[in-house]
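Asker:
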Amino acid sequence: MSNATFDFTGKVVLVTGGGSGIGLQIAKDFVRAGADVIIAGRTRSRLDAALTELGPRATATTVDIGDGDAVREVVAAIIGRHGRLDVVVSNAASYIPGDITAITPADWEQLRRTNIDGFFHLAQAALPELARTGGSFVATSSVSGLRGDWGSAIYNASKGAVSLFVQALALDWGAKGVRVNAVAPSITNTEPVAGVTGDEALRRQFEARVPLGRIAETDDISPVVLFLASDAARYVNGVILPVDGGTSASTGQARAA
Numbered sequence: 000m001s002n003a004t005f006d007f008t009g010k011v012v013l014v015t016g017g018g019s020g021i022g023l024q025i026a027k028d029f030v031r032a033g034a035d036v037i038i039a040g041r042t043r044s045r046l047d048a049a050l051t052e053l054g055p056r057a058t059a060t061t062v063d064i065g066d067g068d069a070v071r072e073v074v075a076a077i078i079g080r081h082g083r084l085d086v087v088v089s090n091a092a093s094y095i096p097g098d099i100t101a102i103t104p105a106d107w108e109q110l111r112r113t114n115i116d117g118f119f120h121l122a123q124a125a126l127p128e129l130a131r132t133g134g135s136f137v138a139t140s141s142v143s144g145l146r147g148d149w150g151s152a153i154y155n156a157s158k159g160a161v162s163l164f165v166q167a168l169a170l171d172w173g174a175k176g177v178r179v180n181a182v183a184p185s186i187t188n189t190e191p192v193a194g195v196t197g198d199e200a201l202r203r204q205f206e207a208r209v210p211l212g213r214i215a216e217t218d219d220i221s222p223v224v225l226f227l228a229s230d231a232a233r234y235v236n237g238v239i240l241p242v243d244g245g246t247s248a249s250t251g252q253a254r255a256a
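So for the sequence shown, the working numbering puts the first residue at 0; every next one is plus one.
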């Protein structure tokens, strides 16, 4: 558990992809910081399980983040119930690896719909509401949205789109009182990468590339999201902040013996 402390008492926070992994940890930390938190995701059973961990200040809503009408309805319902929206965390994402020649149109459609369209719909619906509260929009991008990976072209492309969305929207909305930023994690110990974290030899290969010597945990990422959303970051706008143990500091060359 993170020792970082922030005060979001009286604030209303929406976290997409909040039913598990990094999103659930972000939701937990916002609840601990006093916020009323709404988690959104596609799978009701996963959201219900998350609510048992989050307590009474959290609620959940099922939504296909790639459906613009549904996203607008979610944001409108939050305003109708709470009267405000202070922080939006665009965290929902899909990961589909593979050589570009092996990727099917359905794979691309699924990943694009969540990672790119989902960000677009959420930003379009939420930014005007955040402008009314002087709020903050924080996205989960990735170090994969800053540089390339082996065998992950479509994921890299989608996260690159998120990173540039964040920077462009920071320009457009900063003068309206909304800060737009992103965290860029490296590989993090969550369900989608269980094939790596559960394979000791493969895990060691990944850890060897991280100067801090370990794969990230979800509570390494979440406090940075809270920081970016907090008044402590009031002059931080348009940043894609790597939270990667120093991975992106490397040129990619092998460590000398």
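In this text, a Cβ means the ideal position worked out from N, Cα and C, and glycines have one as well.
Closer than 6 Å by C-beta to HIS81: which residues in its own chain qualify, once you throw out the five before and the five after it? Chain order, please.
Answerer: Hits under 6 Å: VAL11.
Asker: Who are the Cβ neighbours of THR42 in its own chain at under 7 Å, not counting the five residues just before and after it?
Answerer: Excluding residues within five positions, the ones whose Cβ falls inside 7 Å are GLY18.
Asker: Out of curiosity, what's the CA-to-CA distance linking THR103 and ILE115?
Answerer: When rounded, the distance between both Cα atoms is 17 Å.
Asker: Write down every uninterrupted run of the alpha helix (DSSP H) in the stretch 100-174 whose length is 4 residues or greater and which is fully enclosed by it, in chain order.
Answerer: Runs of the alpha helix (DSSP H) inside the stretch 100-174: 104-111, 117-132, 152-172.
Asker: Less than 9 Å between the beta carbons of PRO222 and ASP66, yes or no?
Answerer: In this structure, ASP66 does not lie closer than 9 Å to PRO222 by Cβ.
Asker: Just verifying my parser: in three-state terms, what is the DSSP assignment at GLY40?
Answerer: Reduced to three states, the DSSP call for GLY40 is strand.
Asker: Would you kindly work out how many angstroms separate the C-alpha atoms of VAL62 and GLY22, rounded to a whole number?
Answerer: Taking the straight line from one Cα to the other gives about 15 Å.
Asker: Could you round the C-beta distance between ALA181 and VAL137 to whole angstroms and report it? I think they count as a contact, below 8 Å.
Answerer: Contact holds; Cβ gap of about 7 Å.
Asker: How should ARG178 be labelled, buried or exposed, when 16 other C-beta atoms within 10 angstroms of its C-beta is the threshold for buried?
Answerer: Per the 10 Å Cβ criterion, buried.
Asker: Under a Cβ-count criterion, where at least 16 other Cβ atoms within 10 Å of its own Cβ denotes burial, should THR15 be classed as buried or exposed?
Answerer: The residue in question, THR15, is buried, as its Cβ has 16 or more Cβ neighbours within 10 Å.
Asker: Does the Cβ of LEU129 have 16 or more other Cβ atoms within 10 Å, making it buried, or fewer, making it exposed?
Answerer: So LEU129 counts as buried.
Asker: Only counting runs of 3 or more residues, tell me where the beta strand (DSSP E) segments fall wholly within the stretch 46-102, in order along the chain.
Answerer: Those beta strand (DSSP E) runs which fall completely within the stretch 46-102 and span 3+ residues are 57-61, 86-89.
Asker: If you measure between the beta carbons of TRP107 and ILE153, is that distance less than 9 Å?
Answerer: Against a cut-off of 9 Å, the Cβ pair of ILE153 and TRP107 comes out as a contact.
Asker: Does the beta-carbon of GLU128, which I'm using as the reference point, lie nearer than 8 Å to any heavy atom of the ligand FAD?
Answerer: This structure simply doesn't include the ligand FAD, nor any ligand for that matter.
Asker: Does the Cβ-Cβ distance between ILE220 and PRO184 come in under 9 Å?
Answerer: Cβ distance < 9 Å, so ILE220 and PRO184 count as in contact.
Asker: Which residues does DSSP list as the beta-bridge partners of THR15?
Answerer: THR15 is bridged to ALA39.
Asker: Going by DSSP, name the residue or residues bridged to ILE239.
Answerer: Partner(s): ALA181.
Asker: Going by the beta-carbon positions, is the gap between ARG56 and VAL73 smaller than 9 Å?
Answerer: No. Outside cutoff.
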